[in-house]
Amino acid sequence: MRQVLEKIYVSDEGQATITCPQCGLTRQARVDQYRGRKHTIKVNCSCGIGFPLTLEFRRNYRKRAELQGTYRILSNGGGGGPAKIYDVSRNGIGFTVSGVHSIKVGQRALLDFTLDNRKQSRLQKEVVVRSVDRNRIGCEFNSHQAFDKDLGFYLQP
1 MRQVLEKIYV SDEGQATITC PQCGLTRQAR VDQYRGRKHT IKVNCSCGIG
51 FPLTLEFRRN YRKRAELQGT YRILSNGGGG GPAKIYDVSR NGIGFTVSGV
101 HSIKVGQRAL LDFTLDNRKQ SRLQKEVVVR SVDRNRIGCE FNSHQAFDKD
151 LGFYLQP
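Sequential numbering from 1 applies to the sequence shown in full-length UniProt numbering.
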């Protein structure tokens, strides 16, 4: 039987609260040494069970999504096209593009997309590209933009 990989959120102080899925024992652990890297670790409980978990250092909840939109590069070369948003948080967004692109870390872009909420809210967000992994683009929302109320409601778990 395959174990479910549990995601543990880490506090700003580097503390993680780990609960054993077998016996329910909960303990605090310092995990600062893993910050800055994506990490899956195996934990052994005093009850004898070992289980894997993923440490999540993000500051904000990231919601999985399947939203359609477009992007337009605003700096260093231009370009744009269709985008499929796969996750969104209070501070950023991830999307994929199809085909060949020339998107680079540090570029500014404008994303235009519609939330799949009741109001079908259309948002336009200026972003800065923070990561490029083939066709997966990770962006941070421009910090001088006011927080969007529709996005806030959309992100509620």
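The beta carbon of each residue, even a glycine, is placed where N, CA and C say it ideally should be.
L151: first and last residue of the uninterrupted beta strand (DSSP E) it sits in: No beta strand (DSSP E) holds L151; the alpha helix (DSSP H) holding it covers 149 to 154.
Kindly list the residues whose CB is nearer than 8 angstroms to the CB of T26, restricted to its own chain and excluding five residues on each side of it in sequence; keep chain order. If we look at T26 and ignore the five residues flanking it on each side, its Cβ neighbours are T17, I18, T19, C20.
With a 10 Å radius around its C-beta and 16 neighbouring C-beta atoms as the bar for buried, classify C139 as buried or exposed. Burial is judged here by how many other beta carbons sit within 10 angstroms of a residue's own beta carbon; C139 has at least 16 and is buried.
Check each candidate in L74, G14, S89 and name the one with the smallest Cα separation from V105. Considering only L74, G14, S89, the residue with the shortest C-alpha distance to V105 is L74.
Run through DSSP, which three-state label would Q120 get? It is coil, neither helix nor strand.
How far does the beta strand (DSSP E) with V43 in it reach, from first residue to last? Residues 39 to 44.
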